[in-house]
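Engineer: Residue numbers (my numbering): 6 to 428.
The beta carbon of each residue, even a glycine, is placed where N, CA and C say it ideally should be.
The structure is reproduced here in structure tokens:
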């Protein structure tokens with residue numbers, strides 16, 4: 006059996022150079038190389054770090070699980086993960102989970118592939134050795150895989166995870182901090198829950214330490230997490246975070262993405278801020294400009310979040326027209342009408358000015374969607390705006406590329422070059 010590690014080193018190096026290139030994709034040569042590597046992955050030189058780097062290479066080149074299925078490499082890849090799971094280091098398990106989350110697996114699908122137990126054991130074995138980035142990447146991945154805190158308790162990962170946060174929080178950088186906050190919110194924590202676990206003060210200290218370095222993604226994640234954790238703006242002011250967050254919003258607003266625009270507005274509205282409050286912060290014109298700039302690229306969830314937030318801020322339909330937002334918003338609703346799900350439709354319909362929108366064809370389509378039987382309960386979309394269960398929706402397409410807000414976890418920042426390959 007040939008040693009596949011030299012080819013893997015070459016592929017991984019190539020993929021790392023292309024990971025920020027949105028036009029990058031898996032070529033036929035890349036797929037052939039992956040096939041050769043997997044066919045020889047039982048070689049003694051192929052280790053836990055090797056399978057991690059292979060997964061990262063696929064993600065960096067914007068590969069999908071469907072790509073692996075189409076060339077019949079999916080089972081070989083799963084077998085290689087299973088075979089090497091006992092060798093994962095702290096960095097290795099964190100980055101492997103990160104890659105699997107980016108391939109849009111769910112924990113349920115990992116259980117079906119009989120991988121979940123091995124991955125859980127690798128976390129338990131390594132968590133005491135996690136550094137700050139390992140903690141953040143693992144939490145981000147587990148949240149994206151769809152685990153709740155109740156799941157973590159059943160897996161006996163709850164206390165080890167909390168201890169890992171306490172141990173590493175002073176070393177958190179902006180990205181580590183905001184991904185950790187977001188994961189805790191996705192797990193279903195409230196701020197009160199975190200107080201009971203005695204980690205709120207260290208997290209507050211970390212926010213104060215890192216807020217000046219927030220980019221627009223960090224800011225959006227932090228705002229969403231704090232709102233989802235149940236903090237009001239008054240509570241944020243009492244903790245002296247208000248001006249830090251306002252400054253961060255102002256600093257990054259010109260670069261904010263469409264998805265970031267929707268979630269930032271949603272969070273500010275959840276803080277019970279009025280438009281007068283936004284004006285007093287001198288953020289009003291910048292936020293309106295961001296909506297104008299991103300309106301045509303908003304997703305259905307982004308549209309629903311934006312319109313819901315404007316209604317919560319106190320905008321009437323006439324005020325939206327005066328702000329010259331009415332036509333762009335109606336155009337993007339019409340363009341994406343067929344992509345709205347029940348939840349986003351209900352969120353739109355709950356806004357006070359929805360009856361005034363002159364969109365009869367869209368409203369007829371929405372009525373048809375809502376009339377269809379469903380076994381799923383209707384819930385307010387602001388409770389579930391980050392949905393990590395993409396794979397469950399379509400077992401044949403286990404990957405959806407992460408939008409900007411969702412992709413800030415980055416194992417490359419955690420490379421320990423002396424440990425990249427062990428052979």
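Do residue 160 and residue 192 have their CB atoms nearer than 9 angstroms?
Structural biologist: As a first step, residue 160 must be located in the chain shown, where it is residue number 155. As a first step, residue 192 must be located in the chain shown, where it is residue number 187. No, Cβ-Cβ distance for residue 160 and residue 192 is not below 9 angstroms.
Engineer: Should residue 72 be listed as close to the ligand NAD, given that the test is whether its C-beta is under 8 angstroms from any heavy atom?
Structural biologist: The ligand NAD is not part of this structure, which contains no ligands at all.
Engineer: Quick one, which of 148, 79 and 58 has its alpha-carbon nearest residue 184's?
Structural biologist: Position 179 of the chain shown, counted from the first residue, corresponds to residue 184. The closest CA to that of residue 184, considering only 148, 79 and 58, is found on 148.
Engineer: Rounding to the nearest angstrom, what Cα-Cα distance links residue 323 and residue 133 in this structure?
Structural biologist: Here the question's residue 323 lines up with position 318 in the chain shown. Here the question's residue 133 lines up with position 128 in the chain shown. Using only the alpha carbons, I get a separation of about 57 angstroms.
Engineer: Using the beta-carbon count (16 or more within 10 Å), is residue 209 buried or exposed?
Structural biologist: Here residue 209 refers to the residue found at position 204 of the chain shown. When all chains shown are included, residue 209 counts as exposed.
Engineer: Identify, in the order they occur along the chain, each residue of the same chain with its Cβ nearer than 7 angstroms to the Cβ of residue 344, setting aside the five sequence neighbours on each side.
Structural biologist: Counting from one through the chain shown, the residue named residue 344 turns up at place 339. Excluding sequence positions up to five before and after residue 344, its CB lies within less than 7 angstroms of the CB of 305, all in the same chain and listed in chain order.
Engineer: The alpha helix (DSSP H) with residue 318 in it runs from where to where?
Structural biologist: Reading the chain shown from its first residue, position 313 is the one you call residue 318. That run of the alpha helix (DSSP H) goes 305 to 318.
Engineer: For residue 196, which residues of its own chain have a beta-carbon under 7 angstroms away from its beta-carbon, when the five flanking residues on both sides are left out?
Structural biologist: Position 191 of the chain shown, counting from 1, holds the residue named residue 196. Correct list, in chain order: 205, 234, 235 and 236.
Engineer: Indicate whether the contact test is met: 3 or more Cβ pairs, each with one atom in the region 292 to 307 and one in the region 262 to 280, closer than 8 angstroms.
Structural biologist: Yes, since at least three Cβ pairs between the region 292 to 307 and the region 262 to 280 fall closer than 8 angstroms, the two stretches touch.
Engineer: Use the C-beta contact count for residue 218: other C-beta atoms within 10 angstroms, 16 or more gives buried, fewer gives exposed.
Structural biologist: Locating residue 218 in the chain shown gives position 213, counting from the first residue. With fewer than 16 Cβ atoms within 10 Å of its Cβ, residue 218 is classed as exposed.
Engineer: Less than 9 angstroms between the beta carbons of residue 146 and residue 97, yes or no?
Structural biologist: Translated into positions along the chain shown, residue 146 becomes position 141. Translated into positions along the chain shown, residue 97 becomes position 92. Taking 9 angstroms as the Cβ cut-off, residue 146 and residue 97 do not qualify as a contacting pair.
Engineer: Can you tell me the Cα-Cα spacing of residue 271 and residue 51, whole angstroms?
Structural biologist: Counting from one through the chain shown, the residue named residue 271 turns up at place 266. Counting from one through the chain shown, the residue named residue 51 turns up at place 46. So the two alpha carbons sit approximately 46 angstroms from each other.
Engineer: Closest to residue 100 by C-alpha separation, out of 115, 59, 68 and 122, would be which residue?
Structural biologist: Position 95 of the chain shown, counting from 1, holds the residue named residue 100. For the residues 115, 59, 68 and 122, the minimum Cα distance to residue 100 belongs to 59.
Engineer: Just to confirm, are residue 151 and residue 103 a CB contact at a threshold of 9 angstroms?
Structural biologist: Residue mapping note: residue 151 aligns to position 146 of the chain shown, counting from 1. Residue mapping note: residue 103 aligns to position 98 of the chain shown, counting from 1. No, these two residues do not count as a Cβ contact at 9 angstroms.
Engineer: Leaving aside the five residues before and after residue 169 along the sequence, list all residues of the same chain whose C-beta is less than 6 angstroms from its C-beta, in chain order.
Structural biologist: Taking the chain shown and counting its residues from 1, one reaches residue 169 at position 164. Only 132, 135 and 140 meet the Cβ criterion.
Engineer: Using DSSP with H/G/I as helix, E/B as strand and the rest coil, what is residue 286?
Structural biologist: Taking the chain shown and counting its residues from 1, the one referred to as residue 286 is at position 281. Residue state, collapsed to three classes: coil.
Engineer: Report the rounded CA-to-CA distance for residue 65 versus residue 379, giving the unit in angstroms.
Structural biologist: Locating residue 65 in the chain shown gives position 60, where the first residue counts as 1. Locating residue 379 in the chain shown gives position 374, where the first residue counts as 1. Approximately 37 angstroms between the Cα atoms of the pair.
Engineer: Going by DSSP, what residue range makes up the alpha helix (DSSP H) through residue 123?
Structural biologist: Taking the first residue of the chain shown as position 1, residue 123 is located at position 118. From DSSP, the alpha helix (DSSP H) with residue 123 extends over 121 to 131.
Engineer: Measuring CA to CA, which of 364, 360 and 354 is closest to residue 375?
Structural biologist: Residue 375 sits at position 370 when you count from the first residue of the chain shown. The option with the nearest alpha carbon to residue 375 is 354.
Engineer: Here's the rule: buried if 16 or more other CB atoms are within 10 angstroms of the residue's CB, otherwise exposed. What is residue 55?
Structural biologist: Along the chain shown, read from residue 1 onward, the residue named residue 55 stands at position 50. Answer is buried; the Cβ neighbour count reaches 16.
Engineer: Report, in whole angstroms, the separation of the C-beta atoms of residue 250 and residue 216, which I expect to be a contact under 8 angstroms.
Structural biologist: Along the chain shown, one-based indexing puts residue 250 at 245. Along the chain shown, one-based indexing puts residue 216 at 211. Right, their Cβ atoms sit about 7 angstroms apart.
Engineer: Using 9 angstroms as the threshold, is the C-beta distance between residue 199 and residue 254 below it?
Structural biologist: Residue 199 sits at position 194 when you count from the first residue of the chain shown. Residue 254 sits at position 249 when you count from the first residue of the chain shown. No, these two residues do not count as a Cβ contact at 9 angstroms.
Engineer: Under the three-state reduction of DSSP, which class applies to residue 277: helix, strand or coil?
Structural biologist: Position 272 of the chain shown, counted from the first residue, corresponds to residue 277. The answer is coil: DSSP assigns residue 277 none of H, G, I, E or B.
Engineer: In angstroms, rounded to a whole number, what distance separates the CA positions of residue 116 and residue 223?
Structural biologist: Here residue 116 is taken as the residue at index 111 of the chain shown, counted from 1. Here residue 223 is taken as the residue at index 218 of the chain shown, counted from 1. Cα to Cα, the separation comes out at about 31 angstroms.
Engineer: Taking residue 257 as the reference, give the member of 180, 291, 89 and 337 with the closest Cα.
Structural biologist: Counting from one through the chain shown, the residue named residue 257 turns up at place 252. The residue with the shortest Cα to Cα distance from residue 257 is 291.
Engineer: Under the assumption that residue 93 contacts residue 53 (Cβ atoms under 8 angstroms), give the Cβ distance between them as a whole number of angstroms.
Structural biologist: As a first step, residue 93 must be located in the chain shown, where it is residue number 88. As a first step, residue 53 must be located in the chain shown, where it is residue number 48. Their Cβ separation, rounded to whole angstroms, is 4 angstroms, which keeps residue 93 and residue 53 in contact under 8 angstroms.
Engineer: Are the CB atoms of residue 13 and residue 42 within a distance shorter than 9 angstroms?
Structural biologist: Numbered from its first residue, the chain shown carries residue 42 at position 37. Numbered from its first residue, the chain shown carries residue 13 at position 8. Going by C-beta atoms, residue 42 is nearer than 9 angstroms to residue 13.
Engineer: Quick one: what's got a C-beta closer than 6 angstroms to residue 167's C-beta in the same chain, skipping five residues either side?
Structural biologist: By one-based count along the chain shown, residue 167 stands at place 162. Correct list, in chain order: 202.
Engineer: Using a Cβ-Cβ cutoff of less than 8 angstroms, which residues in the same chain neighbour residue 45 once the five nearest sequence positions on both sides are dropped?
Structural biologist: Numbered from 1 along the chain shown, position 40 holds the residue referred to as residue 45. Within the same chain, 6, 7, 8, 9 and 51 come within 8 angstroms of residue 45 by CB-CB distance, once the 5 residues on both sides are set aside.
Engineer: Please state whether DSSP places residue 12 in a helix, a strand or coil.
Structural biologist: Indexing the chain shown from 1 puts residue 12 at position 7. Here residue 12 sits in helix by DSSP.
Engineer: Quick check on DSSP: helix, strand or coil for residue 346?
Structural biologist: Along the chain shown, one-based indexing puts residue 346 at 341. Reduced to three states, the DSSP call for residue 346 is coil.
Engineer: What are the boundary residues of the alpha helix (DSSP H) that includes residue 60?
Structural biologist: Taking the first residue of the chain shown as 1, we reach residue 60 at position 55. That run of the alpha helix (DSSP H) goes 53 to 65.
Engineer: Using a threshold of 9 angstroms, state whether the C-beta atoms of residue 293 and residue 228 are closer than that.
Structural biologist: If you number the chain shown from 1, residue 293 lands on position 288. If you number the chain shown from 1, residue 228 lands on position 223. Contact: no.
Engineer: Can you tell me which of the three DSSP states residue 21 falls into?
Structural biologist: Here residue 21 refers to the residue found at position 16 when the chain shown is read from its first residue. Annotated three-state conformation of residue 21 is helix, per DSSP.
Engineer: Tell whether a beta-carbon distance below 9 angstroms holds between residue 20 and residue 49.
Structural biologist: Translated into positions along the chain shown, residue 20 becomes position 15. Translated into positions along the chain shown, residue 49 becomes position 44. For residue 20 and residue 49, no; Cβs fall outside 9 angstroms.
Engineer: Return the residue from the list 369, 317, 57 and 330 that minimises the CA-CA distance to residue 16.
Structural biologist: The residue labelled residue 16 in the question sits at position 11 within the chain shown. Residue 16 has its Cα closest to that of 57, out of 369, 317, 57 and 330.
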